[in-house]
Amino acid sequence: MDTSVATPGTGSSFMQDHLDALSIRDPHQPEFLQAVQEVIVSLEPVIERYPHYGRQRVLERLLEPERVIQFRVPWQADDGSVHVNRGFRVGFNSAIGPYKGGLRFHPSVNLSILKFLAFEQVFKNSLTGQPIGGGKGGSDFDPRGRSHSEVMRFCQSFMTELFRHVGHNTDVPAGDIGVGGREIGYLFGQYKRITNTFTGVLTGRAPGWGGSLLRPEATGYGAVYFAAEMAGTQGQTLEGKRCLVSGSGNVAQYACRKLIELGGIPITLSDSSGWIHDPDGITEEKLQFVMELKNERRGRIAEYVERFTSATWAPVESEAEHHPLWCVPAEAAFPSATQNEINALDAAHLVEGGVRLVSEGANMPTTPDAQDTLVDAGVLLGPGKAANAGGVAVSALEMAQASQRLRWTTEEVDRHLKRIMHDIHAVCLDAAESYSFGSDYRHGANIAGFRKVANAMIDQGLV
Ligand code: NDP
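With my numbering, letter number 382 in the sequence shown gets 407, and the count goes up by one each step, no holes.
What follows is the structure, given as structure tokens:
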């Protein structure tokens, strides 16, 4: 069946046509379809204003990844048993720079999830103002409960295929869920060994061997800077605000740290087994405990309440209708675990509990109807592709430092990060307002991210 899209006209059927064609072509990719739908609803007025985008079929081209690589990753466990996982790398769009985006190691990883993440990454990277295209990759390998040796052997096997497809001028992966400093180290070591080169092929490296200072902090810090910008439009700050944070990994940890620094009061954290509520607030000392627990001992967040008795822990049921974390009364929320972690019921609970601001540390953590519930209630919603862009922005700064063989100080990187988050916020608001979307950051992020990529695609011809 020919599922390519006919040369479109304009009007809402035009948008529906794209979604229908995509649903026929990729019927088993719900996360990808969701990510596309969230973007496409913003673009109708843009295509109307600039008809050459329609004539050049920019949207159709943008919806198709430039390339998708899938490969086998065999590896051996400590007990001698042999395992086989799937590896992927999606190069979605390279109109404004080499593919850039993280690697995710999690049992849920499949092509739909990676295409959604890579598609979002195209817009996010465009918003940073840095010369980076969009990509994403990973594996259904689960590093939890695996020894360091097992993780190393897996990473080496993964890179033994991936190395052909990446490179500092082609595709520059970084970390994501399940891929932190340890995994980046093993991946880089194998790349270096196979290629006999020491280049900036991966970001998120340790500062001692080419990494940028502040890269681990950047996503969480950036999400809080973005929240502060949103609060500033209403003459407010984050000081004294109780904040709900989900997850307890990289993004959640550094969102907490920046909140504490700015006078906010983080009161929750979670992992896939359960969540904690600390009504006294998570202080820097308590956060240090969490970092040691999660990053060194690779333990579960439930241990928090054994150490800090003011807090409570509760398990989460994977099939539950809602997540009780979002019922806790607070003024701001930072979803920082995974996609679709806030549904419409959760959103209603957030509104009831007094939340007026949501800054998405995770990618696509809020379902479309939950987003509508929040925005309709007047909650300021910073979409992930804008609010969590700080991580990839500092990755781009790491690439710049690596190519010049320079290292900037923490203060310099932080200054850049703050400015970039300020600029992303301003660009989103400006784009939303100029297309009559008021202060809806979702539309602003989609439109501003799209225009730069679309213009570059037109400049470069049919490639
Ligand atoms: P980490 O692996 O460091 O931490 C992820 C956290 O989320 C863990 O607490 C994990 O719990 C929890 N989690 C993961 N999957 C699920 C799930 N299916 N259900 C419930 N909890 C889950 O990842 P990051 O902090 O790096 O990433 C978090 C989010 O931020 C992701 O959406 C990622 O795409 C996004 N992001 C990350 C960036 C970065 O620089 N790292 C940049 C931009 C966005 P458990 O330990 O039980 O698995």
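Every residue gets a Cβ at the ideal spot worked out from N, C-alpha and C, and that includes glycine.
Mind checking which residues open and close the beta strand (DSSP E) that includes residue i?
i: Thr-25; result: With the chain running from 26 to 488 in the structure shown, residue 25 is simply not present.
i: Gln-101; result: 92-101
i: Ser-384; result: 382-384
i: Gly-409; result: Not the beta strand (DSSP E): Gly-409 falls in the alpha helix (DSSP H), residues 409-412.
i: Gly-112; result: 107-118
By the DSSP assignment, the alpha helix (DSSP H) with residue i in it spans what residues?
i: His-77; result: 76-80
i: Gln-429; result: 415-429
i: Leu-142; result: 136-152
i: Val-249; result: 240-257
i: Gly-210; result: 206-220
Using DSSP with H/G/I as helix, E/B as strand and the rest coil, what is residue i?
i: Thr-391; result: strand
i: Phe-130; result: strand
i: Val-176; result: helix
i: Phe-39; result: helix
i: Ser-164; result: strand
i: Leu-84; result: helix
i: His-374; result: helix
i: Phe-462; result: coil
i: Trp-300; result: strand
i: Asp-201; result: strand
i: Leu-227; result: coil
i: Arg-189; result: coil
i: Leu-487; result: coil
i: His-53; result: coil
i: Gly-159; result: strand
i: Leu-405; result: strand
i: Asp-196; result: strand
i: Ile-121; result: coil
i: Asn-480; result: helix
i: Thr-32; result: Here the model assigns Thr-32 a pLDDT of 41, short of 50, so the residue's position is not dependable, and the following value carries that caveat. Three-state DSSP puts Thr-32 in coil, outside helix and strand.
Could you round the C-beta distance between residue i and residue j to whole angstroms and report it? I think they count as a contact, below 8 Å.
i: Ala-387; j: Gln-364; result: 7 Å
i: Ala-362; j: Ser-295; result: 6 Å
i: Val-478; j: Ile-121; result: 6 Å
i: Ala-421; j: Thr-153; result: 6 Å
i: Pro-241; j: Tyr-279; result: 7 Å
i: Val-176; j: Glu-145; result: Incorrect: roughly 27 Å between the Cβ atoms, too far for contact.
i: Arg-267; j: Glu-356; result: 6 Å
i: Leu-238; j: Thr-398; result: Contact flag wrong, Cβ pair sits at about 39 Å.
i: Pro-90; j: Ala-46; result: Actually they are not in contact, since the Cβ atoms of Pro-90 and Ala-46 sit about 15 Å apart, beyond 8 Å.
i: Leu-139; j: Gly-163; result: 6 Å
i: Glu-328; j: Leu-318; result: 6 Å
i: Met-424; j: Val-197; result: 6 Å
i: Ser-182; j: Pro-99; result: 6 Å
i: Phe-113; j: Leu-136; result: 6 Å
i: Pro-393; j: Glu-63; result: 6 Å
i: Leu-228; j: Val-276; result: Sequence check: residue 228 is Thr here, not Leu. Contact doesn't hold; Cβ gap of about 16 Å is too wide.
Within the present structure, is the beta-carbon of residue i separated from the nearest heavy atom of the ligand SAM by less than 8 Å?
i: Asp-104; result: As presented, the structure is devoid of the ligand SAM, carrying the ligand NDP as its sole ligands.
Taking the runs of the beta strand (DSSP E) that are 3 residues or longer, which of them lie wholly in the region 300-363?
337-340, 357-359
Runs of alpha helix (DSSP H) wholly within the region 260-284 (minimum 4 residues, chain order)
Runs of the alpha helix (DSSP H) lying entirely within the region 260-284 and spanning at least 4 residues: none are present.
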